[in-house]
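Engineer: Sharing a structure below in structure tokens format, with a few things to ask.
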Amino acid sequence: MDHDTIRAELMYLESLGSRVSGSKTHDQLVEHVKQQWAGFGMRVHEDVLHFDRWSMPAENPDRLRLKIDGRDVEISSVFPYSGITGPLGTEKQLYRLRGPIPRWTKARGRIAVIEVRNREFPFSAVVKTWDRAHAWGKTTMPLLPTTIAGLGLTRARRAGVEAVIFAWRGISPSNAKGQYLPFTLPYQDIPGVFVAGDEAGFVLDAASRGRRATLVLDAVIERDSTMRTIWAAVEGNSAPYETILVVSHSDGTNILEENGHIGLVELARQVVAQPLARTAVFLLTAGHLRIPAVTDHGQATSRWLRDHPQWWAGGPGNRHAVAGLVIEHLGAREYLDDPLKNNYGPTGNPEPELLYASNPQLTALIESEWRTTGQAPRVSAPNPLIQFGEGQSLYLKGIPNIALVTVPQYLLSTEPGDYVDIALLERQINSFARLLQRVDAMSSKEIGTVKVVTPLAKAAAALRAIGILACSSSPWR
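Under the working numbering, the letters of the sequence shown match residues 232 to 708, in that order.
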């Protein structure tokens, strides 16, 4: 794949900006991919998904503001699908809550302030590797503390809290700005915002003193909004009733999240030109940033798997998916954050690749064919509790898969940046192309199976993660 084509696709993503679920720019990207597939002669199918869409109109800054004792306070980001204040906002006394399980009733009728810490934690607590000698070390991940913090909003609303301000520590303001987090929770019906840096300290102090604040979060809810999942199949020439799923998602926040469609388009072009033995199903899922709207378990691809068992489930009248390739976050550059020095930016290195394989057979295949950074790939293992990215949906259905889902600091940031290394992106797509050819040539026995996910296995994985994370401090304070 030539660099000019890649550069053009990245420039197109940059021109669209944020493409959160159901937005106009999200739909434009879906149509863009649909037309490319159709241009290859592929028959493109659409699943139209309906949901209630929450959004913050960006064109009017007065619809989002925080003022304490007459002083404007900069909001780093909004808790998506948290709530709405209306245009006049809510003016209430601030109340600071402490501890890992806040007593929300203390802040009834007030605006609660919670400190959230972006602490370093052992990534091996949630992601194991097939080779223990290459285990993951410690990292910080904005997704983790914000999601844990967000779990308290339902209790806050039930306790009568008017709104919640999360004072985000351990993260530089430039990293905190525009983070679309957390994104996996249902609508909370209580406004929530994040502040960082000096503003976080100011808000915590004001809350300790019981100052009054006015918060305006004038979001809108569009009832019965829609988004489209698109997919297309290229029939195999000798084993058409066996399928290989090639998956990414269309909704995202920046040119990295999500640019996996570039890989889907290129692999589709190659397969149309030279069909595989098996049928290849190319799937661009919608709803990754609005998972509760499309499924109650797994990732957004779970919805397509539920709606179209004839393409993967096997048995009478159904085709059988023998494997999947999941392509996300291509070409990620590494950014590091030093909040003590307020220093956040690129290191000049690639972000360590989070590359999953469902079993030892696919791990060996990756070690043979994955050539991106000049170093042997670190191959991660899914567990019954979590597999980051859309590959989890396949894993939960017993479909062996290889999935790239690298998680840099800026993954969910709506702020633009120089996030993608074009040469690395090309090498990753070329590696996926080799993997696709190799998987197609392997028998089902050679590809292997996925260990059945049981409630006991989930509990064991959860206890293991809790045990490791217990060595780190809570994100609450």
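A virtual CB, placed ideally from N, CA and C, is assigned to each residue, including glycine.
Going by Cα to Cα distance, which pick from Pro-353, Ile-475, Pro-404, Pro-540 is closest to Leu-556?
Structural biologist: If we check each option's Cα against that of Leu-556, Ile-475 comes out closest.
Engineer: So, His-519 versus Thr-637, is the Cβ gap smaller than 8 Å?
Structural biologist: No. Outside cutoff.
Engineer: Between Asn-549 and Gly-483, what straight-line distance do the alpha-carbon atoms span, to the nearest angstrom?
Structural biologist: In a straight line, the C-alpha of Asn-549 is about 32 Å away from that of Gly-483.
Engineer: Helix, strand or coil for Trp-335? Go by DSSP, reduced to three states.
Structural biologist: If DSSP states are grouped into helix, strand and coil, Trp-335 belongs with the helices.
Engineer: Check this for me: beta carbons of Gly-494 and His-480, under 8 Å apart or not?
Structural biologist: Contact: no.
Engineer: For Arg-341, name the three-state secondary structure that DSSP assigns.
Structural biologist: In the structure shown, Arg-341 sits in coil (DSSP, three-state: anything other than H, G, I, E or B).
Engineer: Below 8 Å on the Cβ atoms is my contact criterion, and I expect Pro-581 with Glu-565 to pass it. Report the Cβ-Cβ distance as a whole number of Å.
Structural biologist: Yes, Pro-581 and Glu-565 are in contact; Cβ-Cβ is about 6 Å, under 8 Å.
Engineer: Which same chain residues, not among the five before or five after Arg-665, have their C-beta less than 6 Å away from its C-beta?
Structural biologist: Closer than 6 Å at Cβ, skipping near neighbours: Glu-600.
Engineer: Throw me the rounded Cβ distance for the Ala-508 and Ser-469 pair, which I believe falls under 8 Å.
Structural biologist: 5 Å between Cβ atoms; contact.
Engineer: Extract the residue ranges of the beta strand (DSSP E) inside the region 576 to 645, only unbroken runs of 3 or more that lie entirely within it.
Structural biologist: Within the region 576 to 645, the complete beta strand (DSSP E) runs of at least 3 residues are 586 to 588, 610 to 612, 632 to 636.
Engineer: What is the residue span of the beta strand (DSSP E) that Ser-307 lies within?
Structural biologist: Taken as a continuous stretch (DSSP letters only), Ser-307 belongs to no beta strand (DSSP E), as it is neither H nor E.
Engineer: What number of angstroms, rounded off, separates the C-alpha of Glu-346 from the C-alpha of Arg-329?
Structural biologist: Approximately 7 Å, taken between the alpha carbons.
Engineer: Which residue or residues does DSSP assign as beta-bridge partners of Asp-278?
Structural biologist: Thr-460.
Engineer: I'd like the list of long-range same chain contacts for Arg-284, defined as Cβ closer than 6 Å, with 5 residues on each side in sequence excluded.
Structural biologist: Taken in chain order, the residues that qualify are Gly-253, Glu-453, Ser-456.
Engineer: Take every Cβ of the region 317 to 337, pair it with every Cβ of the region 430 to 449, and state whether three or more of those distances are shorter than 8 Å.
Structural biologist: Flag = yes, the region 317 to 337 and the region 430 to 449 touch.
Engineer: Is the separation between the beta-carbon of Val-344 and that of Val-434 shorter than 8 Å?
Structural biologist: The answer is yes: Cβ separation under 8 Å.
Engineer: Which full runs of the beta strand (DSSP E) of 3+ residues lie inside the region 450 to 537, going along the chain?
Structural biologist: 451 to 465, 470 to 480, 509 to 516, all fully within the region 450 to 537.
Engineer: Got a sec? Which residues, its chain only, sit under 6 Å from Thr-510 by beta carbon, not counting five neighbours each side?
Structural biologist: Result list for Thr-510: Ala-464, Glu-466, Gly-467, Pro-471, Thr-474, in chain order.
Engineer: So what does Tyr-326 bridge to, in DSSP terms?
Structural biologist: In the DSSP output, where bridge partners are listed per residue, Tyr-326 has Ala-343.
Engineer: To the nearest angstrom, how far is it from the Cα of Val-478 to the Cα of Ile-402?
Structural biologist: Looking at the two C-alpha atoms, the distance is approximately 32 Å.
Engineer: Give the DSSP-derived three-state secondary structure of Gln-419 in the structure shown.
Structural biologist: The answer is coil: DSSP assigns Gln-419 none of H, G, I, E or B.
Engineer: Please confirm whether Arg-294 and Asp-420 have their CB atoms less than 8 Å apart.
Structural biologist: No; because the gap between Cβ atoms is not below 8 Å, this pair is not in contact.
Engineer: Between the region 353 to 360 and the region 416 to 430, are three or more C-beta pairs nearer than 8 Å?
Structural biologist: The region 353 to 360, when compared against the region 416 to 430, does not touch it at the 8 Å Cβ threshold.
Engineer: DSSP on Val-434, reduced to helix/strand/coil?
Structural biologist: Residue state, collapsed to three classes: helix.
Engineer: Out of Gly-529, Ser-286, Gly-340, which one is the CA nearest neighbour of Ile-315?
Structural biologist: It is Ser-286.
Engineer: Please report the straight-line C-alpha distance between Leu-384 and Asp-671, rounded to a whole angstrom.
Structural biologist: For Leu-384 and Asp-671, the distance between alpha carbons rounds to 47 Å.
Engineer: Expressed to the nearest angstrom, what Euclidean distance is found between the alpha-carbon atoms of Lys-265 and Ile-461?
Structural biologist: Rounded to whole angstroms, Lys-265 to Ile-461 spans 7 Å at the Cα level.
Engineer: Grouping DSSP H, G and I as helix and E and B as strand, with all else coil, what is Phe-663?
Structural biologist: Looking at Phe-663 - three-state DSSP - the assignment turns out to be helix.
Engineer: Out of curiosity, what's the CA-to-CA distance linking Gly-546 and Gly-629?
Structural biologist: In a straight line, the C-alpha of Gly-546 is about 14 Å away from that of Gly-629.
Engineer: Under a three-way DSSP split, which group does Gly-320 fall into?
Structural biologist: Looking at Gly-320 - three-state DSSP - the assignment turns out to be coil, as it is neither helix nor strand.
Engineer: Between the beta-carbon of Asn-653 and the beta-carbon of Glu-497, is there less than 8 Å?
Structural biologist: It is Ile, not Asn, that sits at residue 653 in the sequence shown. It is not a contact, given that the beta carbons lie outside the stated cut-off.
Engineer: Could you check what DSSP says for Asp-652 in three-state terms: helix, strand or coil?
Structural biologist: Three-state result, Asp-652: coil.
Engineer: Spatial neighbours of Lys-682 within its chain, please: C-beta separation below 7 Å, excluding the five flanking residues on both sides.
Structural biologist: Here the set comprises nothing.
Engineer: Classify Pro-686 as buried or exposed, calling it buried when 16 or more other Cβ atoms lie within 10 Å of its own Cβ.
Structural biologist: Exposed is the call here.
Engineer: Excluding the 5 residues flanking Arg-708 on each side, which residues of the same chain have their C-beta closer than 7 Å to its C-beta?
Structural biologist: For Arg-708, the pLDDT reaches just 47, beneath the cut-off of 50, and the residue's location in the model is therefore unreliable, leaving the point undetermined.
Engineer: Over what stretch of residues does the alpha helix (DSSP H) that includes Glu-393 continue unbroken?
Structural biologist: No alpha helix (DSSP H) contains Glu-393, which DSSP labels as neither H nor E.
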